[in-house]
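Chains A and B, in that order, are what the protein sequence lines are.
The first sequence begins at 32 in this note's numbering and counts up by one.
The second sequence begins at 872 in this note's numbering and counts up by one.
All C-beta atoms in this analysis are idealised placements derived from N, C-alpha and C, irrespective of residue type, glycine included.
Fair warning: this is a prediction, and the values are worked out from it, not measured in the lab.
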Amino acid sequence: MRGFSPYGGGLLAAAILFGVSIAGSITQPAKTQALSAADTPGYWWAPNSGKTFPASADYANPTGRLRVLLEGGAMPTRGHPFFTALGPSGRACVTCHQPSDSMSLSAATAKRRWAATGGKDPLFAAYDGSNCPTLPQGDPASHSLLLERGLFRIQRPWPPRDLLSRGVKPDFSIEVVRDPTGCNSGAYGPAAEHPTISVYRRPRPLANLKYLLAVGFAYDPKQGMPLPIDPETNKPLSGNLMADGRASTLNAQMIDAASTHLELTRHLTPAQMKQITDFESRLFTAQQHDASGTDTDAAGAEGGPMKLAKSQPGQLGSIGKPVWSEYEAWEKPTPGLTPAVAAFRASVARGAHVFRDKTFLITDSAGINSPIGFGNPVRNACVFCHNMSQMGNDVAPGQVDLGTTNLPFADPAPQLPLFRITCLGKPHPHYGRVIYTSDPGYALTTGRCADVGKITLQSMRGLAARAPYFSNGSARDLRGVVDYYDRRYHIGYTEQEKRDLVNLMSVL
Amino acid sequence: MKALLPLIAAIAGTAAQAEDLRFVTCPVYRDTDAGKKSGCWLADAHETAKRYDVSQAPSKPDWNHMVLVEGALAKGDVGNPCGGIVLDPVRTSILPGDCTRHMLEAEGYTGRKFKLPVRNLTPLSVPRTPPPGPYASRTFRLFFDFDQSFVVYQYDDYLLDKAVDWLRAAKPKHVQIVGWAATDPDTVSGVALAERTDIARERAEKMQEALIRLGIDKGIISVEWHDHARPVSDPDIDGLVEPSRRRVDIVATL
């Protein structure tokens, strides 16, 4: 039964529904128009396409359809900096932030682009779309991390630089234990003439941003300080934009991305950044339809992106609208449904309760068990950290070490580099003096050993459109996410609870 | 060796009461599973073979590390939800020493359902009411775990927020931040304890940065720090003596 199967077969062959442009603000769901196959021209947004970005568009994915809403109406993209190749690589922002993939990029999409272009698409730029620029670029093996795990190379300065690009004296040393890509040795890496650290990460979705920029409280409980202040606006920063916190504003993120992913030699102009910010701030994405046959906003449920566009961001679920209570209406069966739809809705509703209520012991996770004061261990549920209503990110800055990149918790990843971190001051509260990691995460921004392996929580919306998961793509599918948590924290989910969680996440 | 330190109540010039107990041990976690954040923290005072329930501390222990317990016996009938003599008020500070982690099952103990601490932050979405005047020069304090400068969640952040609300309303001419460190050596349960001198400066400078981030004019703030801290009486240290040394004073002058 589809209701208990995270990925029904044959969906990729199903129709892609592509939106019709409508003007004006979003008050009603846009009409949709059916197209025919997964690789239709409308599926992939190439730079300089000159198309109009629709007010509403639906894209097929393995479990249903994602809807992308542009609040305020359709927008011409000709000349728009988000959609225009501004640098020598031929890439634009949209290259790696595709509407069909919830403004991220799935590994499946990368594979399709390789097949369609023979690896010539700017997506596979040597700088970061290959495992390392030193490798033969025509060989798909040189792009295996992008093709298999959806990973881009992120090259960080070493020693780290803070939010204002000031040098940071780290309280740890870093050595390269394993360098399968070659980008942490020779002309690259911490021992190079211009020292850098190359790590590999999934692109984060550029949608629903008002939630990621929202500030619920004035304090960062994980750092034990009030939130940092944006020097441009003099307002507190949410700390929830980037995996490693290296940029805290959309402008800072754009500047970082332009000089790295787009390989621009000139800065984006203030007018270009304003255009991009305006576009990104109006984008809302969420799963709209499930392959079982139900819309995610049917029968009183509040799934889909329209609700996101209308809701107030930054609310803590524990004192307001409970996280994923969007599916509360599905707790009561609706007469006349097909067995598949009835079973699926019931599963999603149960999944929301498992997410909020199934507690387990969280252990040895910096950002949770230290240094806030919750204790190590602390009993809580998924919603402890994924606590923002409607979005499932952290209301506080969400830098947490789940162990996805740190040994011994990380899954084996021989294709990724491995670093040995030695804490020079205080030992790490949970790992001790020496830590082995494939990505030091937030520590590459703060220079603090206590932050090694912390990765910022992200939005949980549009998940079905953007596998694989976790910052290093270590979970191939949503079941892989659940299984990782189950192993990491010895939760003991039943098989049904696992399916319910997967089904819940598939409709977010 | 002051293995288990009964403190004397009298502190000259203050109304503070002494904590009954101060000891170092390895914590034990009891998984009573009474919902979120419900687990019990137990601490055995080896010198007396008594087991204490230290779960009411604002910052909880880490089962991998030694813990400094400072607390008073709870007054009234508080029951025995965790399998230990309840300390309340109590503070627990994580120390660097290693411990073998140990967890007990509930064994019939109910634990406590989590209740939001009295000292908890208000979300920014809730409009603030400025504290009513008239205003007079006054001192605010934040208290820290042993040898730490971390602003403890749902304790120090609340105290800081209250102070800033007042500072914004009263608009003092000068704010003096004084960091203190309890550097006088002591031996507790056979463990030599003395805070680093540097922690006084860390506390003061962090508080300066915190006030600036919260909108207090940098130009009216001065910072100093001292070691050999003495105890103070303050309602927000709940009558505990030794933890009152580990603090920052925010002295506002109108």
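{"query": "Cα-Cα separation between B/V949 and B/R1012, rounded to whole angstroms", "result": "29 Å"}
{"query": "Rounded separation between B/T1124 and A/G493 - CA only", "result": "53 Å"}
{"query": "Inter-stretch contact (C-beta, 8 Å, three-pair minimum) for the region 528-539 of chain A and the region 487-506 of chain A", "result": "yes"}
{"query": "Which of helix, strand or coil DSSP assigns to A/Q129", "result": "strand"}
{"query": "The region 958-976 of chain B in contact with the region 921-930 of chain B per 3-pair CB rule at 8 Å", "result": "yes"}
{"query": "Proximity test, Cβ basis, 8 Å: B/T896 and chain A", "result": "no"}
{"query": "Stretch pair the region 432-448 of chain A + the region 378-388 of chain A: three plus CB contacts closer than 8 Å", "result": "no"}
{"query": "Contact list for B/E1066 against chain A, beta-carbon separation under 9 Å", "result": "The premise fails here: B/E1066 is roughly 14 Å from chain A at the closest Cβ pair, so nothing lies under 9 Å."}
{"query": "Euclidean distance between Cα positions of A/R180 and A/A495", "result": "15 Å"}
{"query": "Residues bridged to B/D924 [DSSP beta-bridge criterion]", "result": "B/L913 and B/V957"}
{"query": "A/F113, DSSP secondary structure in three states", "result": "coil"}
{"query": "For A/T477, the first and last residue of its enclosing beta strand (DSSP E)", "result": "No beta strand (DSSP E) contains A/T477, which is instead part of the alpha helix (DSSP H) from A474 to T477."}
{"query": "Whole runs of the beta strand (DSSP E) within the region 180-233 of chain A, excluding any shorter than 3 residues", "result": "183-188, 203-209 and 227-232"}
{"query": "DSSP state of B/I1121 mapped onto helix, strand, coil", "result": "strand"}
{"query": "Beta-carbon spacing of B/D1107, B/F1015 below 8 Å", "result": "no"}
{"query": "Contact belief for A/Y231 with A/L178 at Cβ below 8 Å, rounded distance in angstroms", "result": "Rounded, the Cβ-Cβ distance is 12 Å, inconsistent with contact."}
{"query": "Chain B within 8 Å of A/G398, Cβ atoms only", "result": "no"}
{"query": "Selection of the region 241-256 of chain A by Cβ proximity to chain B, strictly under 7 Å", "result": "V246, G247, F248, A249, Y250, P252, G255 and M256"}
{"query": "CB contact below 8 Å: A/L194 versus chain B", "result": "no"}
{"query": "Opposing strand residues paired with A/K485 [DSSP bridges]", "result": "A/G472"}
{"query": "Cβ-based neighbour list, A/A249, same chain, cut-off 8 Å, excluding 5 preceding and 5 following", "result": "P257, L258 and P267"}
{"query": "Chain-order list of residues whose beta-carbon lies under 6 Å from that of A/S67 (same chain, five-residue window excluded)", "result": "Annotation note: pLDDT 36 at A/S67 (below 50); position unreliable, coordinate value reported separately. Excluding sequence neighbours, A/S67 sits near nothing in its chain."}
{"query": "Candidates B/S909, B/S996, B/R1101 and B/K986, of which the one nearest A/L347 by Cα", "result": "B/S996"}
{"query": "Option in B/W934, B/Y980 and B/K946 with minimal Cα separation from B/T903", "result": "B/Y980"}
{"query": "Between the CA atoms of B/H1045 and B/V1035 - distance to the nearest angstrom", "result": "13 Å"}
{"query": "Rounded separation between B/D1088 and B/E1080 - CA only", "result": "11 Å"}
{"query": "Under the three-state DSSP convention, the category A/T308 falls into", "result": "helix"}
{"query": "Identified DSSP bridge partners for A/P267", "result": "A/I260"}
{"query": "A/H417 (DSSP reduced to helix, strand or coil)", "result": "coil"}
{"query": "A/M422 burial status per 10 Å Cβ neighbour count (16 or more: buried)", "result": "buried"}
{"query": "Chain A within 8 Å of B/F1021, Cβ atoms only", "result": "yes"}
{"query": "Given 8 Å, three or more beta-carbon pairs between the region 1067-1074 of chain B and the region 1037-1055 of chain B", "result": "yes"}
{"query": "Under 8 Å (Cβ pairs) to chain B, residues found in the region 407-436 of chain A", "result": "N407, P408, V409, R410, N411, A412 and F415"}
{"query": "Three or more C-beta pairs below 8 Å linking the region 147-159 of chain A and the region 330-338 of chain A", "result": "no"}
{"query": "Spatial distance of A/R510 from A/V533 (CA atoms)", "result": "6 Å"}
{"query": "A/I466 versus B/E890: straight-line alpha-carbon distance, rounded", "result": "39 Å"}
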